[in-house]
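Protein sequences, first through last, are from chains A and B. Under the working numbering, the first residue of the first sequence is numbered 29, with each subsequent residue one higher. Under the working numbering, the first residue of the second sequence is numbered 707, with each subsequent residue one higher. By construction, the Cβ of each residue, glycine as well, lies at the ideal position given by its N, Cα and C atoms. Heads up, the thing below is written out as C-alpha cells.
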Amino acid sequence: MARQTVTVVGGGLAGLSATMKLAELGCKVNLVSVVPVKRSHSVCAQGGINSVSDMTGEDDSIELHAYDTIRGGDFLADQPPVYEMCYNAPYILKMLDHIGVPFNRTASGNLDRRRFGGTLYNRTAFCGASTGQQLLYGLDEQVRRAEAKGLVQKYENHEFMRVVQNQDGEACGIVMMDIYTLDLTVLKSDAVIFATGGNGIIFGKSTNSMHNTGAAAARLFVQSGALLANSEFIQVHPTAIPGKDKYRLMSESARGEGGRVWVWGNSAKRMKNPADGELITCGVTGEKWFFLEAFYPGYGNLVARDVASRAILAVTDAGLGVDGKDQVYLDVTHLEPKTQDKLEAILDIYQKYTGEDPRIVPMKIFPAVHYTMGGLYIDWPAYDAEDRLSRFRQMTNIKGVFAAGECEYQYHGANRLGANSLLSCIYGGLVAGAECERYMQSLGKDVLSGSDGAFEEAQAKELAFKQDLFSRGGEENVHLLHEELGKVMIDKVTVRRSNSGLDEALQKLYQIRERYKHIGLSDKGNYVNQTYIFANQFKYIIENAIAIAKAARCRDESRGAHAKEGFEDRDDENWLKTSIIRYQKDLDPHISYNSVDTRYFKPVKRDYTKAVKKKIQVENPPAYVPIVTSRDYGR
Amino acid sequence: MADKVILRIYRGEPHHQYFEEFEFTNTQNMNILSALMEIQKRPINREGKKTTPVAWECSCLEEVCGTCSMLINGRPRQGCSAIIDTIVKQTNSNVITLAPFTKFPLVKDLIVDRRSMFENLKKVKAWVPVEQMYAQSYGPPIDPVHQQAMYKASTCMTCGCCSEGCPQVNSHSTFMGPAPISQVKLFNLHPVGKTLKPQRLRVMMQEGGVSECGNAQNCHQVCPKKIPLTEAIADVGGQVSKQIFKELFSLPER
C-alpha cells in the first residue's frame, strides 16, 4: 500500500505532536497553518506543564493529578481520558526532556517543579516563564527534522477553508487558501487532523493571539455538520494586563512563586464572601487586603481560575478596585530577587507594556478571556469499551476528521487547571496521530476513489462565497462589527451571565448576523487582502458566538467557568451532562446532552477554603494504560 | 503625552513603494500595532482620503512569537512592544516612520517573506537527533547554569531583527545571519545534540557561514530577546577553527 498522507491543520503543540507521531509511524503529513508554525499561539503559554514527579518527596500520585483535574473542571470531564492523560504525563515530560527542551533545573540537575492553581502539589515543570514557547520550539525542531527527511510538507500562510468528503462521507482532503495570493487550492489526503486552537478573538480582546478566531473549527461546524461540545465553558484567566490591543497574560506562576493579590482594605464596606455567601467587612482601611487569602485560606492565591476570577470581580464590583478602576494588585515585590528571576520573562512583559517595574511596584491586573474548554466533539472510547478498537479516540463525528488540542472539548470539563493545557495539547495530538494512523489502516481502501467531483464542488463553493463577499457593497465595516460582537460577548456571555442577559446577547448576535450581509470591503484587492480574509472568517465567528451563547442560555446551573445569576449552585441531578451542539441553517443551533463518565471519582462540592492533603484511591483503575509516546499505542 | 501622532508608513508592493501618512489620537500605553488596528477600522489617510488598510503581520502581541517585525524609525524591532509614548519622548517628534524589513523579499506594505530563516535552521540541523519519542527515563541531569545558557539561546523567535540590523546580510552576500549561528552553539551544547556538531560546523565553514560575520555587533544591540549573539558567533568561530584543524589532521570526532 502506498504511504498514507494526513493533512494536519494547525501547527501549535497539538498539530506538531500529531505530525511527529505520524512521521514516526511512517506517514506523510501536509501541515497547514495560517502562520509559520513556530509562531503558533502555544508560544504564549507561560507557566508550565503538569506531570506527577517522584522527585519532590510530596507523595503525589497519578490519581491525585487526575482528581485535581476533574475536580478543577467541576466534574464535567469524562474521567477515562483525563486519567489516561495524567498517567501519560511523565512519559510526555521524558520525551520533551530528550528532545532538548530547556526545563529549569534543581541544584542537582533534575527537573524543577513549581506549584500551580487548584492543587497542593509541586507538579508543574517549566522553562522560565515561557514554557509554551520552549515546548513548541522543541516540537518544531523535531518536525523540521522530519521535513528535512521528506516526511512533512508545510503549507504555512495557508488557511483551512473546507473539508472535502467522499461519497461515503469520509474525509479525503481540504480546500485551503493562500493568505497572500488568496488562491484556493485543494490538498488530497487519507485523513485530516484539526489542531486549530481556541477562539478567544470572538470576545474581541483576550489573552489569545490574533489568529485565534476559532474560524477553522467553526467552518467544520457550519459547513460539514461537525458537533461542538460544552462551548459555553470559556475560561477567564484571573490575572491579565489590560491593554488597548489585547489583555496580556500574567501567568499563574507569578502566584505559584509566591505572588499575592490584594486591594486596599475599607472597614466601612461590606460584601458577600464568595466562598460561603456570608457578609464580611472588606479588610481594614489603610491596610492591604489579601482577599483571596481571606476568602479561601486553604488555597489562598492559588484557587482554581474560575474561582479567582469571580472573586476579583466581586471585589471590584464592591468598589474596591485600584484607583476606582476595574483592576487589582498582583504583588511580587516581596519576593527574593532569585525568585523574581524565575519570572523574568513575564515581569519583562509587564514592564515593557506598562512602563512600570513590577519588581518595585505591584502590578495592576484584571481577569480576561483566556481558554476555550469546549470545542469540537470527539469520540473517546475507554479502554474497556467493547468496541474500543472499531472506534477511534479524538475522532470527530465526521469520519476521518480528528481533533486535538484547544479546538476540542475533552480533558478540562467546566474549567481548566493551570499548566494542564500544554499537557492536553501534546497528549491529544499524540493520541490523534496514533489513532489516525490506525484509522487509515482499518479503511482497507483508497478514500479518494469515490471522491469524483467532490474537490471541484468544494472549491467552487468557496469561490462563490469569495465572490459574494467581494460583491457586497454595504456600509458596514467588518472590523467595527467585530468590536460590537466582542463587547456583547464580554458584557453578557463571560463572567456575568443571566438568562435575560443571554437572551439580549442572542438578539444582538442575530442583528449582527443580519448586518454582516451588508458589509462592504474596505480593500477589494486580490493580494494580501487581510480585510477580506477576516470578513470570510467572520461569518463563522458569528455562528460560533451564537453556539456559545445558546449553550450558556440552556444550562440552568453554575458549574466551573459557567456561572449564572439565579442558578448559583451546581446541579448534578439535572446538569451533570455534556452539551452537544449541532448547527442548523437559519435556526438556533440544536442542543442535546450526553451523560458524563464519572467512573473513578464521585462528584463532590469543590471547596478551596481548606487545604487537606489526602490519599486518593481509584477503586477500579484501568487494567492497562497505553503509553502514548510508544509506537504501539492503541495497537 | 502627545495627543496627535502621525504614522508615516512606507507601503506598497515590490517596485512600487510609497509613503502614506495617518494621524490618530494617542492614548496611554498604546503601541504601534494598536495604532495599525485603528487604521484598519477606519482606513482614512492624513489627507482625509479613503485608502486601503495597511497590511502587516502580528500574532501574539507579547513579543514571544516574532511575527510583527518591522523598521520603526529605522530600527528593526517588534511592533507590539514599541510603545508610542516612549518613542515620541525619545525622539521628541510626533512623527513615527514605519517600513518593512529590507533584507527579505517584500510581500506587501509591512510584510516580508522570512522563509529563508526557517530554511537556515534546516541547513544547520537545529535539532536534537533523538532516536524515538518513547523514553523509559528522563535524560541526564543538567547543571542549572548550563540550562540557563541554553534557555537564553532557545528564546530566539526567528524574528529576523538580527539579520536586518547586520551590514553583512545584504543582496551581495550569502551570509545566513546571526540567528542560525546561535542555534549551532545551542545544539552543540546539548549532550545528544552535539553528535551532529561536525556536520553543523561544516555548514558554518561554507559560504554563508560564520566567517562572513564582520563583527559590527549590531545583532546583539537589536535582538529583542537580548540573546548573546556576538558571543555565540565568537564561540562557533572558535569551534570551526578547531574543526578545520581536526579535519586537516584527520583526528577522530570527539
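- By the C-beta density criterion, glutamate 260 of chain A is buried, having at least 16 other C-beta atoms within 10 angstroms.
- Below the 7 Å Cβ cutoff, chain A contributes Asp273 as neighbours of methionine 743 of chain B, in chain order.
- The C-beta of alanine 805 of chain B comes no closer than 8 Å to any C-beta of chain A.
- The straight-line gap separating the alpha-carbon atoms of alanine 244 of chain A and glutamine 912 of chain B is approximately 43 Å.
- Annotation: histidine 93 of chain A has no Cβ neighbours in chain B at a cutoff of 9 Å; minimum Cβ distance is about 17 Å.
- Relative to glutamate 315 of chain A, the option among A:Gly326, A:Leu307 and A:Ser295 whose CA is nearest is A:Ser295.
- With respect to chain B, the C-beta atom of methionine 123 of chain A has a partner C-beta closer than 8 Å.
- Less than 8 Å separates the beta-carbon of alanine 332 of chain A from that of leucine 445 of chain A.
- Isoleucine 950 of chain B counts as exposed, since fewer than 16 other C-beta atoms from the protein chains shown sit within 10 angstroms of its C-beta.
- Identification of residues in the stretch 724-754 of chain B having a C-beta nearer than 7 Å to some C-beta of chain A yields Thr733, Asn735, Met736, Asn737, Leu739, Ser740, Met743, Gln746, Lys747 and Pro749, given in sequence order.
- Apart from sequence neighbours up to five positions away, the residues of its chain that approach leucine 179 of chain A with a beta-carbon distance below 7 Å are Ala51, Lys56 and Val57, ordered along the chain.
- Contact annotation: in the stretch 904-930 of chain B, no residue has its CB less than 9 Å from a CB in chain A.
- Residue range 775-778 is occupied by the beta strand (DSSP E) that includes methionine 776 of chain B.
- Our two residues, proline 631 of chain A and arginine 99 of chain A, have alpha carbons roughly 8 Å apart in a direct line.
- Of all C-beta pairs linking the stretch 766-783 of chain B to the stretch 634-641 of chain A, fewer than three are shorter than 8 Å, placing the two stretches out of contact.
- For cysteine 464 of chain A, the enclosing alpha helix (DSSP H) begins and ends at 449-471.
- Unbroken alpha helix (DSSP H) runs of no fewer than 4 residues, entirely contained in the stretch 805-865 of chain B, are found at 821-829 and 850-860, following chain order.
- Its chain contains Asn58, Leu59, Val60, Ser61, Met204 and Leu215 as the residues whose beta carbon lies nearer than 8 Å to that of tyrosine 183 of chain A, once the 5 sequence neighbours on both sides are disregarded; these appear in chain order.
- Shown here, methionine 238 of chain A sits in coil according to DSSP, grouped into three states, outside any helix or strand.
- Shown here, arginine 421 of chain A sits in coil according to DSSP, grouped into three states, outside any helix or strand.
- With a threshold of 16 other beta carbon atoms within 10 Å, arginine 416 of chain A falls short and is exposed.
- In the structure shown, histidine 186 of chain A falls within a strand segment according to DSSP collapsed to helix, strand and coil.
- Closest in C-alpha terms to serine 947 of chain B, from the list B:Thr936, B:Pro904, B:Gln927 and B:Cys925, comes B:Pro904.
- Contacts with chain A (Cβ-Cβ distance below 7 Å) from the stretch 850-861 of chain B involve Pro850, Gln853, Met856, Tyr857, Ser860 and Thr861, listed in chain order.
- Look at histidine 896 of chain B: its C-beta is under 8 Å from a C-beta on chain A.
- Shown here for isoleucine 715 of chain B: same chain residues with a beta carbon closer than 6 Å to its own, the five before and five after excluded, namely Glu726, Val760 and Leu804 in chain order.
- Within the stretch 498-532 of chain A, the complete alpha helix (DSSP H) runs of at least 4 residues fall at 506-521.
- Taking the Cα of glutamate 744 of chain B as reference, the smallest distance to any Cα among B:Val711, B:Met776 and B:Tyr724 is reached at B:Val711.
- At a cut-off of 8 Å, the C-beta of valine 770 of chain B has a neighbouring C-beta in chain A.
- Setting aside the 5 residues that flank it on each side, lysine 552 of chain A is surrounded in the same chain by Phe498, each with a C-beta closer than 7 Å to its C-beta; the list follows chain order.
- Between the beta-carbon of glutamate 953 of chain B and that of lysine 814 of chain B there is about 46 Å, and that puts the pair past the 8 Å contact cut.
- Look at the stretch 134-154 of chain A: the residues with a C-beta under 9 Å from a C-beta of chain B are Thr134, Ala135, Ser136, Gly137, Asn138, Leu139 and Asp140.
- Cβ proximity to chain A below 8 Å picks out Trp833, Val834, Pro835, Val836, Gln838, Met839, Tyr840, Ala841, Gln842, Ser843 and Tyr844 from the stretch 833-844 of chain B.
- Beta-carbon to beta-carbon, serine 234 of chain A and tyrosine 275 of chain A are separated by about 6 Å, close enough to satisfy the 8 Å threshold.
- Per DSSP, alanine 268 of chain A is one residue of the beta strand (DSSP E) stretching across 262-269.
- The beta carbon of tryptophan 762 of chain B is closer than 8 Å to those of Leu739, Leu742, Cys774, Met776, Gly785, Asp815, Leu816 and Ile817 in its chain, skipping five residues each way along the sequence.
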